[in-house]
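I have placed the structure first, in the form of structure tokens, so that the comments after it can refer back to it.
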Amino acid sequence: MVYRIRNKGFNVWAPAVSPRAFTARKTKTSLEVSRHVTLQTHISRYAGMRLFHNYRRISRAWKQFLMGDKIAEQLAILTLKSHIARPFNYNAPIENSFYVGRTWADIWDRHYSLFASNQHPLQLDSYQNYNDFVKKLNCSDYANQCTEILESVDKLKEKRSKALETSEGETLSPEDITDIYIEVMAEYRNKHGLTGKSRDGAGEYVDYLETRRPFGATAQ
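Start counting the sequence shown at 4; every next residue gets the next number (my numbering).
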């Protein structure tokens with residue numbers, strides 16, 4: 004079987020100094036055995052090719068369920084590539100180890116069956132996030148909330164900017180913008196009754212339906 008990757012630069016993750024680029028050095032045949040330690044390794048390039056091929060297979064199997072939605076396709080590509088490419092981005096060349104690389108490729112072979120049946124957890128999670136995203140785009144209440152927050156931020160920025168010597172080149176720093184956003188969101192939460200806290204006035208956790216009791220205590 005011949006594996007063909009049309010994107011020729013897909014496996015280019017770092018400059019040539021990356022540990023993925025195995026540079027074969029000149030072999031020394033006359034070594035002092037008492038002073039040198041020899042380590043024999045098995046480097047498998049086939050496992051790395053299987054990983055790239057699995058990305059291609061899984062991405063195609065996933066896209067067939069997205070009905071041509073470009074935003075959903077981009078979300079799927081970013082989600083899939085971030086998981087498969089994580090060891091590459093971390094400069095952890097595990098595919099250079101025969102058993103680890105082969106095991107990793109075998110695992111993604113099993114993942115493919117779930118992607119092909121549209122039941123993989125990554126698919127289900129991305130669908131849920133995308134549905135929430137679309138729901139917010141079509142929600143008038145959410146749009147009004149965003150508009151209210153943006154208007155409050157603009158008003159506070161204008162108020163803070165008046166106190167600056169703009170003729171001297173003074174501008175709002177990133178820290179000032181952060182403080183403005185924090186102040187606006189605090190006012191918004193207080194206005195709409197959103198506490199944003201994990202404890203109530205009595206010091207109890209608000210995410211529990213019953214009062215916490217110490218170990219060994221019985222209910223009264």
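In this text, a Cβ means the ideal position worked out from N, Cα and C, and glycines have one as well. Nothing here was measured: the structure is a model prediction, and the numbers come from that model.
request  = Specify, as a first and last residue, the run of the alpha helix (DSSP H) that Met70 falls within.
outcome  = The residue given as residue 70 occupies position 67 in the sequence shown. From DSSP, Met70 is part of no alpha helix (DSSP H); its letter is neither H nor E.
key: Residue range of the unbroken alpha helix (DSSP H) whose run includes Arg163   = By one-based count along the sequence shown, residue 163 stands at place 160. Note, Arg163: alpha helix (DSSP H), Ser143 to Lys165.
inquiry  = Just to confirm the assignment, what range does the alpha helix (DSSP H) spanning Ala189 have?
reply    = Residue 189 sits at position 186 when you count from the first residue of the sequence shown. Element bounds for Ala189: Pro177 to His195.
Inter-stretch contact at 8 angstroms, needing at least 3 Cβ pairs: the segment 68-80 / the segment 128-137 = yes
message = Just to confirm my understanding: we take Ile183, look at its own chain, exclude 5 residues before and 5 after, and list those with CB closer than 7 angstroms. What are they?
response = Translated into the one-based positions of the sequence shown, residue 183 becomes position 180. The residues are Val156, Leu159, Lys160 and Arg163.
key: Leu140 burial status per 10 Å Cβ neighbour count (16 or more: buried)   = The count along the sequence shown starts at 1 and reaches residue 140 at position 137. Leu140 should be labelled exposed.
query = Which two residues bound the contiguous alpha helix (DSSP H) that contains Tyr93?
reply = For this step, residue 93 is matched to residue 90 along the sequence shown. That residue, Tyr93, is in no alpha helix (DSSP H); it is neither H nor E in DSSP.
request  = Mind checking which residues open and close the alpha helix (DSSP H) that includes Ser129?
outcome  = For the purposes of this step, residue 129 is taken as the residue at position 126 of the sequence shown. That run of the alpha helix (DSSP H) goes Pro124 to Leu140.
ask   = Which class does Thr26 belong to by DSSP, given the choice of helix, strand or coil?
value = For the purposes of this step, residue 26 is identified with residue 23 of the sequence shown, where counting begins at 1. Reliability of the predicted coordinates at Thr26 is poor, the pLDDT of 49 falling under 50, and no value is obtained from them.
query = According to DSSP, is Asn57 helix, strand or coil?
reply = Counting from 1 along the sequence shown, the entry for residue 57 is found at position 54. Correct three-state label for Asn57: helix.
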